[in-house]
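Heads up: the structure comes next, in C-alpha cells.
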Amino acid sequence: MTRKKLGMISMGSRIVGFMRNNQSYHFISPSIIVRLKTTSSHYVSSRARDPTFEKFMDNYKNFLKVISIQDLILANPQNPVVSLEFLSKLAQKLHLNRGSTSFLRKYPHIFRIFYDPTKSQPLCALTNDALRISHQESNAIAASLPLVVDRLLRLLSMSTSKTVPLRAIFKVWRELGLPDDFEDSVLSQNPHLFKLLDGSEPGTHTLSMVDNIMNKTSSFTSAVDNWRVEECCKENCGVERTAIQFSFKHGYPPGMRLSKNFKAKVNLWQSLPYVGPYEKMLPGAMRSKSKATAMALEKRAVAIAHEFLSLTVEKMVEVEKISHFRKWFGIDLNIRDLFLDHPGIFYLSTKGKRHTVFLREAYDRGCLVHPNPVYDARRKLLDLVLLGRRGLVLEESNLRDVKETQLPAVVVAANGFLPLQNPRITISLLNQGCIRPEWKFCKLYFLLINKMNHLSSTQKPPTRVLRQCICEDTRGNAILQMSYT
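Position 453, counted from 1, in the sequence shown is what UniProt numbering calls 453; the numbers after and before it change by one each time, with no gaps.
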C-alpha cells in the first residue's frame, strides 16, 4: 500500500472521529462545516422539567382563560352578563380553540348560560359560587391596600431612576394584587407618595416617587435578606451569618443531575458579593467590562428578579410582563436566559403558549408555602376550574316530589337493577351535549325513580333518607347518583 493511500485512510479516520466527538457541528459536504449556534429556544427546550410546576400550569392555563371571560362579564357592574355572540367573536383572541360555547360548558360551576327572551339571544353570567369568590377577592384586595402601597414603593425603589412606566404597572396589576381602579384608589389617594409624570412618548405616563420619600425607601429589606436572618435564627443552626451573607435558597427539579463542576460554580456564585435590589449602584459600575463586574451585575439582576417575584401575590409572573421593567431596573441581560441559568432559584414553564417564571422556594407541592387572602380567593376559583363538569347537583325545585323517597341501594347493570349492600347507586344517562343534564332528563329521572320503587316493592324500606342528584362524570356524561344520608 502506497504512502498516499495510507495518508488518505488516516485523514478519513480523523474526520470520522471528529464528526463523532462534535455533535454540535453540521456537515453539509466533506469540505464545508457549519457551526450550529445554541439558540434561546433550544436552551428553553433543554431545561430540566419539574412535574409539579408543569402539572400546575397545565390547569392554570385554563384558569387564565376563565379569568379573561370573568373580567368581561364583570365589566358592567349594573348588568354583569355578556352575550355568547360577543364571546364567539373573541374566541381566537382568548385562545378558545373549540369556541366560546364549548369552553363555557366545561365549567358550569363558574359560568351560567341562559336565554334572554327580551334580547332574543343566549347570554352568559357567573354562578353564585363564582360571584361569591369574586367578591371575596375584591374584599381581600381592599383590605390589603397598605400592602399594595408598600409593593408599589418597593417596585419604584428597585428602579435606577425611581421611576417606572405606568403601562408596565398595568401589565402586572393582577400579579401585584392591585385593585382594578388603582389609579384612583391608590395613586390619587396617596399624593404624598406617588406622582404621575408625562412620558417621553406622546400619551404615555410614568409613575415616580415624591422626592422627600426616596431617602426613606432605602431602609427596605429584601425577601432574601429576611430568609438569611430566619436561617441563622433557627434552633441548632450551625450556619454563621457571614457564611450565607450573599447566598440564595436553592432547590432543583427532581431528577436533575448536578455535576461536581456545576456544584463548584454554584458555591462560588453563592459567595460572590453583590449590590442589593434596594441599594444604589456606584456611578460607572455598569461600564466596567471585567468578568468580576459582569458576575456581580448578573447576581444583582437575580436579586431584583427574586424580589420582584416575592412582591407578587402568587410568586409567579409571565416573562413577557417582567421584561417591561428590565431597562428601568438596569438589567442588561436576557431576562429569560437569566431564569434558565439559575434553575435552583427560578423555574420556567412554557405551558399555555406563554413563558411563566416561578419563585421556586415559595412553592411546596404546587401550593404557596405562605398563602395570603388574595391567593386563597383565587385558589378557590382554580378549584372550580379543576372541578370542571363534575358534581353538578339537581336543583332543589326538581327534587321537591322525590325528596322523601326511600329506596334500597341498587346499581344499574347490563341485565337491569340489582340489589347491593353498597348504599350508593350510579345510573348512566346520555347527555348529548346538554349544558345542565337535569333540564333534559328531569322527566327521565322520575321514571327511573318509579321503576326502582316497583322493583324494590318487596323489600322493607330503610329508615334513612335517600339523597338523589344528577351530575356529570369526567367525560361530561349525565349520571344519576343516590346515597343514603
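The beta carbon of each residue, even a glycine, is placed where N, CA and C say it ideally should be. These numbers were taken from a predicted model, which means no experiment stands behind them.
For residue i, the residue or residues it bridges with in DSSP
i: Q136; result: Paired residues: none, contrary to the question.
i: P277; result: Its beta-bridge partners do not exist; DSSP assigns none.
i: D198; result: H205
i: F346; result: L359
Cβ-Cβ distance between residue i and residue j below 8 Å
i: I73; j: A125; result: yes
i: K65; j: L94; result: yes
i: L145; j: V172; result: no
i: A377; j: Q136; result: yes
i: V149; j: F325; result: no
i: I345; j: H370; result: no
i: L311; j: L176; result: yes
i: M316; j: F248; result: no
i: A301; j: L272; result: no
i: residue 511; j: Y347; result: With the chain represented from 1 up to 485, any question about residue 511 goes unanswered, as that position is not in the structure.
i: H355; j: E318; result: yes
i: K380; j: D58; result: no
i: V81; j: L123; result: yes
i: P343; j: P253; result: yes
i: I133; j: P179; result: no
i: R365; j: T160; result: no
i: R47; j: L340; result: yes
i: L382; j: H109; result: no
Assigned exposure category for residue i - 16 Cβ within 10 Å defines buried
i: F194; result: buried
i: V410; result: Confidence is the limiting factor: at V410 the pLDDT is only 31, short of 50, which leaves the residue's position unreliable and the question unanswerable from this model.
i: A414; result: Low confidence applies to A414: its pLDDT is 26, below 50, so where it sits in the model is not reliable, and the reading given next is rough at best. Exposed: under 16 other Cβ atoms inside 10 Å.
i: S24; result: The predicted model places S24 with a pLDDT of 45, which falls under 50 and marks its position as unreliable; any figure quoted below should be read in that light. Per the 10 Å Cβ criterion, exposed.
i: Y375; result: buried
i: A70; result: Note on residue identity: the sequence assigns Gln, not Ala, to residue 70. By the 10 Å Cβ count, Q70 comes out buried.
i: P117; result: exposed
i: R257; result: exposed
i: M281; result: exposed
i: I425; result: Note that I425 scores a pLDDT of 45, beneath 50, so its modelled location is shaky; the value from the coordinates is reported in the next line. Label assigned to I425: buried.
i: D211; result: exposed
i: D50; result: buried
i: P277; result: buried
i: H192; result: exposed
i: A303; result: buried
i: L197; result: exposed
i: F86; result: exposed
i: F329; result: buried
i: F182; result: buried
i: Y363; result: buried
i: T201; result: Here the sequence assigns Glu to residue 201, which means Thr is not the residue at that position. E201 is exposed by the Cβ-count criterion.
i: R98; result: exposed
i: S290; result: exposed
i: P437; result: Residue placement at P437 cannot be trusted, given a pLDDT of 39 that sits under 50; the coordinates are not used to answer.
i: R151; result: buried
i: Y445; result: Residue placement at Y445 is poorly supported in this model, since its pLDDT is 46, which falls under 50; the coordinates are not used for a value here.
Residue span of the beta strand (DSSP E) that contains residue i, given as start and end
i: residue 492; result: The question about residue 492 has no answer, for the chain in this structure spans 1 to 485.
i: P373; result: That residue, P373, is in no beta strand (DSSP E); its alpha helix (DSSP H) goes 373 to 387.
i: L282; result: Unbroken run through L282: none, as it is neither H nor E.
i: L193; result: Here L193 belongs to no beta strand (DSSP E), and DSSP marks it neither H nor E.
i: T163; result: 163 to 165
i: E175; result: Premise fails: E175 is in no beta strand (DSSP E) and is neither H nor E.
i: E318; result: 316 to 318
Start-to-end residues for the alpha helix (DSSP H) that takes in residue i
i: R365; result: Unbroken run through R365: none, as it is neither H nor E.
i: D337; result: 335 to 341
i: T221; result: Careful: T221 lies outside any alpha helix (DSSP H) and carries neither H nor E.
i: M158; result: 145 to 158
i: E235; result: Looking at the DSSP string, E235 is not in any alpha helix (DSSP H), and its letter there is neither H nor E.
i: M295; result: 291 to 311
i: N212; result: Run containing N212: none; DSSP gives neither H nor E here.
i: F248; result: From DSSP, F248 is part of no alpha helix (DSSP H); its letter is neither H nor E.
i: F325; result: Note, F325: premise wrong, no alpha helix (DSSP H); not H, not E.
i: V186; result: First-last for V186: undefined, no H or E at that position.
i: L268; result: 260 to 270
Chain C contact for residue i (CB, 8 Å cutoff)
i: G344; result: Absent here is chain C; the protein component of the structure consists of one chain.
Check: residue i C-beta below 7 Å from any heavy atom of the ligand PLP
i: H135; result: Judged by which ligands are present, the structure shown has none, so any question about the ligand PLP falls away.
### Task
Would you list, in sequence order, the uninterrupted alpha helix (DSSP H) runs of no fewer than 4 residues that lie entirely inside the segment 54 to 134?
The DSSP assignment places complete alpha helix (DSSP H) segments of no fewer than 4 residues inside the segment 54 to 134 at 84 to 89, 100 to 106, in order along the chain.
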